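Chemist:
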Amino acid sequence: MRNQKHNQLIPISDKYSVLSSMRQRTVLVTGANGYIGNAVAKAFNRAGWKTYGLVRRVDDASDLAKNEIYPIIGAPKDFGSSSEANSDHFTHPVFDVVVSNTEDWSNFTKHFEEVRAMLLYIGECSSVVGIRPLVLFSSGCKDYGFTGHHGDSDLAPHTETSPPNAPPILLPRTKMSSSLLQARSEQPFDIAIIRPTPVYGYGSSNYGPLFILAQNSGDTGVLPIPASPNSIMHGAHVDDCADAYVALA
114 MRNQKHNQLI
124 PISDKYSVLS
134 SMRQRTVLVT
144 GANGYIGNAV
154 AKAFNRAGWK
164 TYGLVRRVDD
174 ASDLAKNEIY
184 PIIGAPKDFG
194 SSSEANSDHF
204 THPVFDVVVS
214 NTEDWSNFTK
224 HFEEVRAMLL
234 YIGECSSVVG
244 IRPLVLFSSG
254 CKDYGFTGHH
264 GDSDLAPHTE
274 TSPPNAPPIL
284 LPRTKMSSSL
294 LQARSEQPFD
304 IAIIRPTPVY
314 GYGSSNYGPL
324 FILAQNSGDT
334 GVLPIPASPN
344 SIMHGAHVDD
354 CADAYVALA
């Protein structure tokens, strides 16, 4: 095999490693029709990855296909050797990266166990062909609880070394995502827990209700907000958030 640029021969023993390094990497993004999931899928595609998007409804497939993302119709529970789905992506899934973006708060524990089983199965199938996937598991910054107010003497930023301190309603997500991190040495994949700050941009935003409140306040010239004026507002554009996922991969 000849390297044209330097006009030298590459040993035949290195041929397959060279070809392997040229292989287009693959990523599966679950919840690819969601706010963050859709932005993440598009960001991976822009970066040159072969991108698959898992969505529950056929109606959501056209938007993915339009953006050169391969739609897979189904749910995390559909992955497995006994899957009835007529797709190798469910029975023999092999991916370099899996981005998990789905939640079901009607039964969080059941859905999480289905996601965990999916990740384990993808890891096992990928390891057969020599791939150890990277899992980017989406949680949220509220896993760390709430910061203080501007001017507080003990005010400090939340970082990856901050201890989890989630409010009660979010404890299931915080504990279960952390359990994946704690078991990383026993799992057939590497993992990072991603805890995005509130995101904004395009047709959705956590800040949207503030603008609705302002619109409905009338012409009084006063917009009462029941919060401390020293509350710290923070956020990131959803595209910047998505680019961070790609950078980690």
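My numbering puts the first residue of the sequence shown at 114, with every later residue one more than the last.
Ideal Cβ placement from N, Cα and C applies to all residues, glycine included.
Keep in mind that this is a model prediction, so the values were computed, not measured.
Count the other C-beta atoms from every protein chain shown that fall within 10 angstroms of the C-beta of Arg136, then say buried if there are 16 or more, exposed otherwise.
Modeler: It is exposed - the Cβ of Arg136 has fewer than 16 other Cβ atoms within 10 Å.
Chemist: Would you mind reading off the limits of the alpha helix (DSSP H) that contains Pro177?
Modeler: Note on residue identity: the sequence assigns Leu, not Pro, to residue 177. Residues 174–179.
Chemist: Assuming the contact rule is C-beta atoms closer than 8 Å, Pro311 and Gly348 should be a hit. Round their C-beta distance to whole Å, please.
Modeler: That belief holds up - the Cβ atoms of Pro311 and Gly348 are roughly 4 Å apart, short of 8 Å.
Chemist: At the level of alpha carbons, what is the spacing between Ser290 and Val248?
Modeler: Each residue's alpha carbon lies about 11 Å from the other.
Chemist: Give me the Cβ distance between Ile149 and Gly166, rounded to the nearest whole Å; I'm assuming they're in contact under 8 Å.
Modeler: About 13 Å separates the two Cβ atoms, so there is no contact after all.
Chemist: May I ask you to report which of helix, strand or coil DSSP gives Ile186?
Modeler: Residue state, collapsed to three classes: strand.
Chemist: Is the CB-CB distance between Tyr358 and Val153 below 7 Å?
Modeler: For Tyr358 and Val153, yes; Cβs fall inside 7 Å.
Chemist: Select from His205, His202, Tyr257 the residue whose C-alpha is nearest the C-alpha of Pro309.
Modeler: The residue with the shortest Cα to Cα distance from Pro309 is Tyr257.
Chemist: Counting only the same chain and skipping the five closest in sequence on each side, list residues whose C-beta sits under 7 Å from that of Asn151.
Modeler: Around Asn151: Ala145.
Chemist: Under three-state DSSP, which class holds Ala362?
Modeler: Residue state, collapsed to three classes: coil.
Chemist: Counting along the chain, where does the alpha helix (DSSP H) carrying Ala327 start and finish?
Modeler: Counting along the chain, the alpha helix (DSSP H) containing Ala327 begins and ends at 321–328.
Chemist: Drop a sphere of 10 angstroms on the beta-carbon of Leu268, count the other beta-carbons inside from all chains shown, and report buried for 16 or more, exposed for fewer.
Modeler: Burial call: exposed.
Chemist: Considering only their Cβ atoms, is the gap separating Glu227 from Lys190 smaller than 7 Å?
Modeler: Taking 7 Å as the Cβ cut-off, Lys190 and Glu227 qualify as a contacting pair.
Chemist: Count the other C-beta atoms from every protein chain shown that fall within 10 angstroms of the C-beta of Leu326, then say buried if there are 16 or more, exposed otherwise.
Modeler: Exposed.
Chemist: Alpha carbons only, please: which of Val142, Ala305, Lys155, Val140 is nearest the one belonging to Ile353?
Modeler: Residue identity differs from the one stated: residue 353 is Asp in this sequence, not Ile. Ranking Val142, Ala305, Lys155, Val140 by Cα distance to Asp353 puts Lys155 first.
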